[in-house]
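Undergrad: Before we start, here is the structure in question, set down as structure tokens.
Residue numbers (our numbering): 612 to 1093.
As structure tokens, this is what we get:
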């Protein structure tokens, strides 16, 4: 099993490829802005004074009319009344709404004497508030799923953590089965896609092909560069003035070459099953079951170079030997793995397809994505996983914070009997005791013998029932003849 002495602790970071545009500039208000704000406040004060005078005159006239009607026609006065402008609830709400609009508009126009925020920061705040999660990173695998709590907290600039932990914004690892369909006569190619999500957004992905099915002994490696090359195309107008030497396209650099120059951002992960699921021939599980755990392979530079030598240009792991990547001395437990619901699958068609409906029917040029495994929604600051008290909650990491392995572990003293750490029941190498394997085979053979005996019993019972029915039929026909 995975012990603390075998499973080390370390720290590594992933770049979320996000650039913060929130900036504050120190400027002084100009004379024109000050005069504009002063004139606006004078206009607002004049409107309020005019409104107050009109309300006073209106109430005085209504009071005089009501007094005259009571003196002349006391019966009609109880029916016909002059309403006060605040006698109706809707009038009060309308008045308060008008005051709120005037106040908000005045605060927006009035320049701050200390600092001013650029327009880009406001646009980024609105963009972050109305931004939805990626489908592959959402909790329910729904496209365009958002959170009202995130919307309110982003617009208001408030921390709503006091209301509880969010169940809508996902942060963690997800694994999906991907079935790639090519042309009509091509064979379907299955693969496993690993995705790291931060607040419902994809940070990086790694996809590994498994033609013969999922191989739990082969790790999944991913290269996460600290910067992404710009893919913005130059305007066509400026391309005319470029020389021929500058217009020549540079040869593309492979991922293998980039990873060889940046070994610190090459990471490998290992998936391991629990012993009860190790003896199964197929990797099919019921939803929301604790299947296994996710481990990180803490390797040095020499081991990473060995890995790159056995990998293709696109960092494929087809020819990778698992013995040179992870062993019992460099495993670091990350999080447990929970089985996902298969009914939440979806289909992705090529975006340039002219007839997407026919693609779905013929199953060509498309990808079928099926949820497989995910890490639980629990606080990343806790290194303990309690099966008894685990709840589906998530404490999202602060925006812009890099993923750190140290946040996943807090090696504080806990009662292991009451809250047992999850990786003590797992072996990253899946080298479970052979006696248990022989015992499982013995139980399987005993179960098969019991089922065979039960089938023979049912067969004899059916034959006996058929003979009884046949005997009744013969006896009934003889009675009719007699």
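All C-beta atoms in this analysis are idealised placements derived from N, C-alpha and C, irrespective of residue type, glycine included.
Starting from residue 786, follow its DSSP beta bridges and name the residues at the other end.
TA: Note: residue 786 sits in a beta bridge opposite 805 and 984.
Undergrad: List the endpoints of the continuous beta strand (DSSP E) containing residue 878.
TA: Unbroken beta strand (DSSP E) run through residue 878: 877–884.
Undergrad: Residue 1035: buried (16+ other C-beta within 10 angstroms of its C-beta) or exposed?
TA: With fewer than 16 other Cβ atoms within 10 Å, it is exposed.
Undergrad: Give me the Cα-Cα distance between residue 940 and residue 907, rounded to the nearest whole angstrom.
TA: For residue 940 and residue 907, the distance between alpha carbons rounds to 11 Å.
Undergrad: Count the CB pairs spanning the segment 902–922 and the segment 868–884 that are closer than 8 Å, and state whether there are at least three.
TA: Because the criterion of three Cβ pairs below 8 Å is met, the segment 902–922 and the segment 868–884 touch.
Undergrad: What number of angstroms, rounded off, separates the C-alpha of residue 956 from the C-alpha of residue 927?
TA: Their Cα atoms are separated by approximately 25 Å.
Undergrad: Based on the DSSP output, what are the partners of residue 817 in its beta bridges?
TA: DSSP lists 805 as partners of residue 817.
Undergrad: Would you mind giving the Cβ-Cβ distance between residue 961 and residue 785, rounded to the nearest angstrom? I have them listed as a contact below 8 Å.
TA: Incorrect: roughly 23 Å between the Cβ atoms, too far for contact.
Undergrad: Residue range of the alpha helix (DSSP H) that residue 872 falls in?
TA: Start and end: 866–872.
Undergrad: Just to confirm my understanding: we take residue 899, look at its own chain, exclude 5 residues before and 5 after, and list those with CB closer than 7 Å. What are they?
TA: Only 949 and 950 meet the Cβ criterion.
Undergrad: Is the separation between the beta-carbon of residue 781 and that of residue 824 shorter than 8 Å?
TA: No, the Cβ-Cβ distance between residue 781 and residue 824 is not below 8 Å.
Undergrad: Can you look up residue 831 in the DSSP assignment and give me helix, strand or coil?
TA: Looking at residue 831 - three-state DSSP - the assignment turns out to be strand.
Undergrad: In chain order, what residues of the same chain have a beta carbon less than 6 Å from the beta carbon of residue 888, not counting five sequence neighbours either side?
TA: So the qualifying residues of the chain are 902.
Undergrad: Closest to residue 864 by C-alpha separation, out of 925, 747 and 821, would be which residue?
TA: The shortest C-alpha separation from residue 864 is found at 925.
Undergrad: State the beta-bridge partners of residue 906 as determined by DSSP.
TA: 881 and 944, per the DSSP bridge assignment.
Undergrad: Is residue 785 near the ligand ATP, judged by its Cβ being under 7 Å from some heavy atom?
TA: You won't find the ligand ATP in this model; it holds no ligand whatsoever.
Undergrad: What is the DSSP secondary structure of residue 800, reduced to helix, strand or coil?
TA: Looking at residue 800 - three-state DSSP - the assignment turns out to be strand.
Undergrad: Determine, using beta carbons only, whether residue 987 and residue 947 come nearer to each other than 8 Å.
TA: Yes.
Undergrad: Determine which residues share a DSSP beta bridge with residue 812 and list them.
TA: Answer is 809, bridged to residue 812.
Undergrad: Using 8 Å for Cβ pairs, my map puts residue 806 next to residue 747. What's the rounded Cβ distance?
TA: Contact flag correct, Cβ pair sits at about 6 Å.
Undergrad: Confirm, please, whether the CB-CB distance from residue 831 to residue 817 is below 8 Å.
TA: Contact flag set, yes.
Undergrad: Measure the alpha-carbon distance for residue 799 versus residue 826 and round it to whole angstroms.
TA: When rounded, the distance between both Cα atoms is 18 Å.
Undergrad: Using C-beta distances below 6 Å, list every residue in its chain close to residue 874, excluding the 5 sequence neighbours before and after it, in chain order.
TA: So the qualifying residues of the chain are 912 and 915.
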